[in-house]
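Chains as they are written, first to last, in our numbering: chain A, 9 to 358; chain B, 109 to 219. Worksheet for the structure shown next.
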Ligand code: SF4
Ligand code: SF4
C-alpha cells in the first residue's frame, strides 16, 4: 500500500512548502492573477462569513485507504486523533450555537475509537443533521465495522461517500486496487437498511471527483450517468451526486507536480473562475475544526495550517461576533472552490 | 530553432481573434457556444462528435481541448477511441469511394 506524504518524508508534507508553491510560479511573475487579485477584478473586496450553520469536524487523519488525490494526506500511518476532551468542547459549541449541521470527516472518522459515542452525543444536542463522510470500504475493512450501516440508520446519519466513477478502472486508479468492488458491496449494505431508497428519509449521497488533472463537468449530467450505470450494472441506488473539484494541495498537488500538470491545472482553475460561485464558497457558512480543536475556515485551510483569523482560534474559545467579522484566509488553492459551477463539500455552488 | 507552427499556449489566446474583427469574432463564439449546449443531442454526445471531427480535420488544438472535455464529462477512453475510429472510417471511406471514379475513368479510357 502507498504511504502518506508524511511517512514518505516528502517536502510537500510541509504546509509552508505548499503555500510557497501556491504563491510562486505564474502567480509570482504576474502571469496569472492571485486569488485576491481575481476577486478585486470582479469587484469583490474580500470574502466574509455569512452564517455559521455547518460545523465540520475532522476527528483524525487515520484512514484505511491512501487515495492518490487525498487532500488530508490520510492513511493507516497517520495517528492524529481528536481527544474526548476536545469532542466535549465541540459538543458544548453545538449546544450553545445554532448549528444546523455537524459534518464528521477524517481520514475515516469511523476508525476513531469514540466515533459511535460521539455520534450519539451529537444527536442529543438536537442539531438537525449529522453528516458522516464515509469512504465505504471501511464498512468491510474489519468485522467490527460491518454493523455501521445499521448504526448510521439508527441515528439518521446522512452518509456522503466518495465514488470517483461508476466503473472499476478509474475508481481503483485513484483510490486503490479493489476499492470499487468493495464500495459497491458497501452501497448494497446501505441500500438494504434503507439508504438511498425512494420511500426512505435515509440519505446516501455520492461524491465524484476527477481522476486526473481536469475539472469536473456538469453535476446534473454526471448524476444522470452515474444513476443509470449503477442501477443497470449493480442495481444500487443513491440520492444525489456531488461533483467536487480537486484542490491543488497535499497529495493532489504532489501528483500535479510529478505529472507535470501543475501549471496547466492552475491555468484551468483561473480560466474557470466564476464570481457567482465565489460569493457562496463553503467557508462563508462552515467552520472546520481539527483533531486538536483548532479552528479553520475550511478543511483545506486546516491542511495548509491557515488558522481562522480570530484571537484564539480554538473550539473552546469561540466568540460568535468575532467569528462573523473575521476575514477569511485565502490563497491560490481557493480557485478550486470557484471554478465553473463552483465546488464545496456539498458539490456545485452556482 | 524552437519556433513551431503549433504552440499549445495559442489555444488559450483563441478568443483574441475578436481583437481584429470584433463583430465576426463575437458571432463565431456565440454560434460555437450555442452549438455545444445540451439540445436534442446531449453535451456528452456532442463532445464525442467534436473529438472525432478534431482528428479528421487534424487540429491539435481541438484534440487537446476535446480529450480534456471528454474526460471532464466522464467519457471513457474506449469510447474516445471508438469515436476516433468512426472519424477514420468516414475519412478512409471518403478516400476509397473515389476508387469508383478511378475505375470508371480507367474503363472509359481503356480498350
Ligand atoms: S480521500 Fe478519504 S478515503 Fe481516501 S485516503 Fe483520504 S480520507 Fe481516506
Ligand atoms: S479553499 Fe477554503 S478558504 Fe478557500 S474559498 Fe475554498 S472554502 Fe474558502
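The C-beta atom is built at its ideal place from N, Cα and C for all residues, glycine as well. Note that this is a predicted model, so its numbers are computed, not measured.
Output the distance between the C-alpha atoms of residue i and residue j, rounded to the nearest integer angstrom.
i              : j              : result
residue 371(A) : residue 351(A) : As shown, chain A starts at 9 and ends at 358. That puts residue 371(A) outside it, with no answer to give.
residue 122(A) : residue 115(A) : 14 angstroms
residue 156(A) : residue 127(A) : 12 angstroms
residue 176(B) : residue 163(B) : 14 angstroms
residue 332(A) : residue 182(A) : 37 angstroms
residue 326(A) : residue 100(A) : 10 angstroms
residue 258(A) : residue 130(B) : 43 angstroms
residue 76(A)  : residue 266(A) : 12 angstroms
residue 179(A) : residue 299(A) : 28 angstroms
residue 164(A) : residue 268(A) : 44 angstroms
residue 235(A) : residue 151(B) : 17 angstroms
residue 210(A) : residue 141(A) : 14 angstroms
residue 224(A) : residue 209(B) : 48 angstroms
residue 29(A)  : residue 334(A) : 26 angstroms
residue 329(A) : residue 354(A) : 26 angstroms
residue 195(B) : residue 10(A)  : 41 angstroms
residue 80(A)  : residue 308(A) : 8 angstroms
residue 110(A) : residue 304(A) : 15 angstroms
residue 188(B) : residue 316(A) : 45 angstroms
residue 193(B) : residue 231(A) : 28 angstroms
residue 322(A) : residue 301(A) : 6 angstroms
residue 206(A) : residue 244(A) : 12 angstroms
residue 270(A) : residue 342(A) : 15 angstroms
residue 86(A)  : residue 12(A)  : 8 angstroms
residue 222(A) : residue 172(B) : 12 angstroms
residue 220(A) : residue 261(A) : 11 angstroms
residue 250(A) : residue 129(A) : 28 angstroms
residue 263(A) : residue 152(A) : 34 angstroms
residue 38(A)  : residue 45(A)  : 10 angstroms
residue 279(A) : residue 314(A) : 25 angstroms
residue 299(B) : residue 160(B) : Past the edges of chain B, shown from 109 to 219, lies residue 299(B), and the structure says nothing about it.
On the premise that residue j lies in contact with residue i, defined as a C-beta separation below 8 angstroms, what is that separation, rounded to the nearest angstrom?
i              : j              : result
residue 292(A) : residue 55(A)  : 6 angstroms
residue 133(A) : residue 102(A) : 4 angstroms
residue 296(A) : residue 53(A)  : At roughly 23 angstroms, the Cβ-Cβ gap does not stay under 8 angstroms, so residue 296(A) and residue 53(A) are not in contact.
residue 18(A)  : residue 340(A) : Incorrect: roughly 20 angstroms between the Cβ atoms, too far for contact.
residue 158(A) : residue 119(A) : Contact flag wrong, Cβ pair sits at about 18 angstroms.
residue 167(A) : residue 203(A) : 6 angstroms
residue 144(A) : residue 62(A)  : Not a contact, Cβ separation roughly 22 angstroms.
residue 217(A) : residue 172(A) : 6 angstroms
residue 98(A)  : residue 83(A)  : Contact doesn't hold; Cβ gap of about 24 angstroms is too wide.
residue 247(A) : residue 213(A) : 5 angstroms
residue 154(A) : residue 147(A) : 7 angstroms
residue 310(A) : residue 66(A)  : 6 angstroms
residue 286(A) : residue 47(A)  : 7 angstroms
residue 161(A) : residue 135(A) : That belief does not hold up - the Cβ atoms of residue 161(A) and residue 135(A) are roughly 18 angstroms apart, past 8 angstroms.
residue 348(A) : residue 282(A) : 6 angstroms
residue 74(A)  : residue 184(A) : 7 angstroms
residue 169(B) : residue 119(B) : 5 angstroms
Let me check you understand the geometry: is the CB of residue i closer than 7 angstroms to at least one non-hydrogen atom of ligand 4?
i              : result
residue 341(A) : Because ligand 4 does not appear in the structure shown, any question about it cannot be addressed here, the ligands present being ligand 1 and ligand 2.
**Asked** Which runs of the alpha helix (DSSP H), 4 residues or longer, sit entirely within the region 217-268 of chain A?
**Response** 227-242 and 258-266
**Secondary structure, alpha helix (DSSP H): runs of 4+ residues fully inside the region 27-93 of chain A** = 33-37 and 43-49
**Message:** Against chain B, which members of the region 229-241 of chain A pass a CB distance test of less than 7 angstroms?
**Reply:** Hits within the stretch, in order: 229, 230 and 233.
**Request:** For ligand 1, enumerate in chain order all residues having a CB closer than 7 angstroms to any of its heavy atoms.
**Result:** 71(A), 73(A), 74(A), 75(A), 77(A), 78(A), 80(A), 82(A), 83(A), 114(A), 115(A), 116(A), 143(A), 170(A) and 183(A)
**Interface positions of the region 110-124 of chain B facing chain A (Cβ-Cβ less than 8 angstroms), listed along the chain** = For the region 110-124 of chain B, the beta-carbon criterion of a distance under 8 angstroms to any beta-carbon of chain A is satisfied by 120.
**Request:** For the region 335-352 of chain A, enumerate the residues whose C-beta is nearer than 7 angstroms to any C-beta of chain B, in chain order.
**Result:** none
**Request:** Report the residues of the region 156-183 of chain B with a CB closer than 7 angstroms to any CB of chain A, ordered along the chain.
**Result:** 176, 179, 180, 181 and 182
**Request:** With 7 angstroms as the limit, tell me which residues of the region 243-274 of chain A have their beta carbon closer than that to any beta carbon of chain B; keep them in chain order.
**Result:** none
**Message:** Taking beta-carbon pairs under 9 angstroms, can you tell me which members of the region 176-207 of chain A lie near chain B?
**Reply:** Interface annotation for the region 176-207 of chain A against chain B: 177 and 178, criterion Cβ-Cβ distance under 9 angstroms.
**Asked** What are the residues of the region 131-156 of chain B that lie near chain A, defined by any Cβ-Cβ distance shorter than 8 angstroms?
**Response** 146, 150, 151 and 152
**Request:** Using a Cβ-Cβ cut-off of less than 7 angstroms, give me the residues of the region 88-122 of chain A that come near chain B, in sequence order.
**Result:** none
**Request:** Check distances from the C-beta atoms of the region 301-324 of chain A to those of chain B and list, in chain order, the residues that come in under 7 angstroms.
**Result:** none
**Message:** Going residue by residue through the region 167-216 of chain A, where are the continuous alpha helix (DSSP H) segments of at least 4 residues, counting only ones entirely within it?
**Reply:** Complete alpha helix (DSSP H) runs here, min 4: 176-183 and 187-200.
**Prompt:** If you scan the region 90-145 of chain A from start to end, which runs of the alpha helix (DSSP H) of 4 or more residues do you find wholly inside it?
**Reply:** 92-104 and 123-133
**Request:** Could you tell me which uninterrupted alpha helix (DSSP H) segments, each at least 4 residues in length, are contained entirely in the region 291-323 of chain A, listed from first to last along the chain?
**Result:** 307-312
**Message:** Tell me which residues of the region 64-88 of chain A have at least one Cβ-Cβ distance to chain B shorter than 8 angstroms, keeping chain order.
**Reply:** none
**Request:** Residues of the region 163-175 of chain A with a CB closer than 9 angstroms to any CB of chain B: list them in chain order, please.
**Result:** Flagged, chain order: 173, 174 and 175.
**Asked** Can you list the alpha helix (DSSP H) stretches of 4 or more residues lying completely in the region 123-203 of chain B, in chain order?
**Response** 130-143, 151-164 and 168-180
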